[in-house]
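Per numbering that gives the first Met the number 0, the sequence shown starts with residue 0, numbered consecutively.
The block underneath contains the structure these notes are about, expressed in structure tokens.
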Amino acid sequence: MYKEIKKTVDLGDGRIIEISTGKLAKQADGSVVVKMGNTMLLATVVAAPEQKDGVDFMPLSCEYKEKFASVGRFPGGFLKREARPSDYEILVSRLVDRALRPLFPDDFHAETFVTVQLMSADSDIQADALAGLAASAALAVSKIPFNGPISEVRVSRINGKFVINPTFSENENADIDLIVAATMENIMMVEGEMKEISEEEMLDAIKFAHEAIKIQCQAQINLATEVGSLEKREVPVPVSDEELKQKIKAETYSKVYDIAIQGIADKHKRHELFSAVKDEFLAQYNEEELAQLNKGLVKIYYHDIEKEAVRRAILDEGIRLDGRKTNQIRPIWCEVDALPSTHGSAIFTRGETQSITTVTLGSKLDEKMIDDPLINKKQRFILHYNFPPFSTGEAKPNRGLSRREVGHGNLAWRALKPIIPADSPFVIRVVSDILESNGSSSMATVCAGTLALMDAGIPIVKPVSGIAMGLISDNATNKFAVLSDILGDEDHLGDMDFKVTGTKDGITATQMDIKVDGLSYEVLSKALLQAKEGRLHILNTMLQTLPEPRAEYKPHAPKIIRLEIDKEFIGAIIGPGGKNIQELQAKTETTITIEEIGKKGYVEISGVNKELMDMAEARIKQISYVPQVGDVFDGVVKAIRDFGAFVEYAPGHEALLHISEIDHKRLKTVTEAINEGDKVRVKIVGYEKNGKLRLSRKALLPKPENTAEGKETNAE
């Protein structure tokens, strides 16, 4: 038997979120079921009883998994079972991880696994908005130490009104689509896309989301109180050596601080100097003393000193590691058409961060198929982000796609998606390869992607740029500094990583991670306004390289012709077993696809040779020709009869050209003017009572003069 405990959250519009525990997965440290309508998520959390020796980070693993059975579907593939995580599952896992990770105690280093599974799904409810709530609730009912609870909600603006956790169908009309995570007091994470909104509108959305999150956090506190899990297990006291700590600080802090204020732009040189200080400290010990020294503590204490020195240099003197002011952008250079054989390419370099980005134009056959339990669609704009180890000077193998690459690529995709023309005939793939990295590589992808699209001749709506903002704060003195275009070290040592992309008219995407408690809306507002100033500077620099999209596509880029036909002609175009379309593709060196939507067929012809493409287009138009009175066309005489000729006006379709309509003069036989196999130009002049076409050849011939010969005309 079991004892189930439930709490509910009223979203205020008739929708209820139910959180329950005590029924399922009771051997986990914590487990809950979050239910909204027919959507049910099972979240579990388990932490190892002991901490691993020598671990100085939080070994947290967050997994979000969707079951195809939740919507009554079979998985695809040969094995018919769920396999590797989809991009969508990875992105939701990252949303959960980024909200939870900063809230574990600094000294808690036990391996912890959070798993959220979609067990039942309403096809119109977006389950990702409930995953953070479910994960936090599982931690709340466990004894695992956690400085939460948190919750995540989706906030969208639909027809000018903010909505919490809208459905898929409702969200199609949204101009703001954000996932916001927060505790009762503080914003922890923001990610989403927008249609060129202002900084003030974004802040309003975040504030609206936070009010809903507070209610969900309180429900978790009430649940934990009833379960009796408010008292958490003790965090092991870390091994420490206060004497060693003070010795390291006394002998290294001033040296580290001096390096921090030198303004060294070269990352590797800076790291070498910092490492030399630590090596100099260790050099005072002989081999026997080194063997007894706790090198793990030396590493931790020295890292803390490095962090403190860098932060104090920024807060007290306004000097950043590379010598810039807090709102200063690193030097930028750009180049387009860097890879002449691609359909479009660009290099964007900002400081020591560099992206080389390509654009490839394709046909309907190149569409990305998304086949997830809740999302089943085709995607015509694709963006991939690659981050090889050499970009940071690391000597290690590249072992496939990382979660970070999926996340950064998705952010850049969201940033650029609004500027892709809705009527673009191409499937577009943008690929960013990071060649150097020292902060803001995802934003370099956005900038290089914009330039590469313009280089390819895509008539983008507006150019987009992006910037990563940082924060250094001191709660003791209430001092803070917002940093524009952060370095990798400033991200690592700072309190915030806030990425903002947009056009000159507004924000298109954002991603924010907060690493400390207590970020005020004052700081957030300052960061947004400083980000706007920075991204507009970057945008102006980009446009000096290429001010607008090229007027034409590259000569070697594919061309696409799109036609709309009545669906009754699809079979004739394809032919028996695909014979007709295959022959036409081979003859014209094109790729032809046909899609049936409603009562229409949509034909797409792609190729490189325009003359051959025109030939394919003419043939398809001929096959799908719907005759209209007044149309003129060249037909082929298929059969001769005493009363006229049968003329083929489209493959497999013939109409009668009566003998009286062949010529102005009287004809005794049809063959006086035309013969079988002749090409003849005719005009559609009407319909017979039986609905068949009436053709005329003489209507296109000049009328004879009023002579005796001219009077000898056929009369009906």
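Note that beta-carbon positions come from the ideal geometry of N, C-alpha and C, so glycine has one too.
Computed from a predicted model, the values in this text were never measured in an experiment.
Closest Cα partner of residue i within the set the options
i: M39; options: M57, I15, K298 and F347; result: I15
i: R561; options: A615, K578, L486 and D303; result: A615
i: I590; options: I580, G600 and S605; result: Residue identity differs from the one stated: residue 590 is Thr in this sequence, not Ile. Nearest option by C-alpha distance: S605.
i: S390; options: S440, P144 and E199; result: S440
i: V445; options: M541, A455 and L129; result: M541
i: P148; options: K160, Y552 and I186; result: I186
i: V113; options: K142, Y63, Y648 and E151; result: Y63
i: S197; options: T509, T592 and E647; result: T509
i: R693; options: I673, D677 and S659; result: S659
i: E316; options: E671, A480, D662 and K682; result: A480
Residue i burial status per 10 Å Cβ neighbour count (16 or more: buried)
i: K79; result: exposed
i: E711; result: With a pLDDT of 48 at E711, under the threshold of 50, the predicted position of this residue should be treated as unreliable, and no value is reported.
i: H209; result: buried
i: I18; result: buried
i: E715; result: Caution is warranted here: a pLDDT of 42 is assigned to E715, below 50, making its placement in the model unreliable, and no coordinate value can be reported.
i: R323; result: buried
i: L700; result: exposed
i: K268; result: exposed
i: T668; result: exposed
i: M368; result: exposed
i: A707; result: At A707 the pLDDT is 48, less than 50, meaning the model places this residue with poor confidence and gives no usable figure here.
i: Q283; result: exposed
i: S519; result: exposed
i: K2; result: exposed
i: D127; result: buried
i: I559; result: buried
i: M0; result: exposed
i: E49; result: exposed
i: R319; result: buried
i: G709; result: Only weak support exists for where G709 lies, its pLDDT of 46 falling under 50; the coordinates are left without a value.
i: N409; result: buried
One or two residues paired with residue i in a DSSP bridge
i: E65; result: L117
i: C333; result: F347
i: G501; result: S464 and I506
i: M188; result: A180 and D512
i: Q327; result: DSSP lists no partner for Q327.
i: E110; result: Partner(s): none; E110 has no beta bridge.
i: A46; result: T111
i: K376; result: I369
i: E17; result: T7 and K34
i: S239; result: DSSP output for S239 lists no bridge partner at all.
i: K155; result: Per the sequence shown, residue 155 should be read as Ser rather than Lys. Its beta-bridge partners are V162 and D176.
i: K599; result: D565 and I596
Beta-carbon gap between residue i and residue j smaller than 9 angstroms
i: T166; j: Q215; result: no
i: T359; j: I427; result: yes
i: K609; j: K566; result: no
i: V140; j: V31; result: yes
i: K266; j: N437; result: yes
i: P417; j: T356; result: no
i: A218; j: V8; result: yes
i: T500; j: A414; result: yes
i: E279; j: K246; result: no
i: S69; j: A120; result: yes
i: G600; j: F568; result: yes
i: D494; j: S472; result: yes
i: E551; j: G456; result: yes
i: R349; j: R329; result: yes
i: D490; j: R97; result: no
i: L129; j: E65; result: no
i: G465; j: I537; result: yes
i: Q621; j: P575; result: no
i: A644; j: V636; result: yes
i: S423; j: E603; result: no
i: G29; j: S228; result: yes
i: L138; j: R100; result: no
i: I331; j: A337; result: no
i: H108; j: D176; result: no
i: P548; j: I459; result: yes
Below-9 angstroms beta-carbon distance, residue i vs any chain C residue
i: V681; result: This model lacks chain C altogether; it includes just one protein chain.
Self-check item: Entirely enclosed alpha helix (DSSP H) segments - the segment 616 to 701, minimum 4 residues
Solution: none
Quiz prompt | Whole runs of the alpha helix (DSSP H) within the segment 263 to 336, excluding any shorter than 4 residues | solution = 266 to 281, 286 to 291 and 294 to 316
Practice problem: Kindly provide the ranges of any beta strand (DSSP E) runs that are 3 or more residues long and lie completely inside the segment 69 to 96, ordered along the chain. | Solution: none
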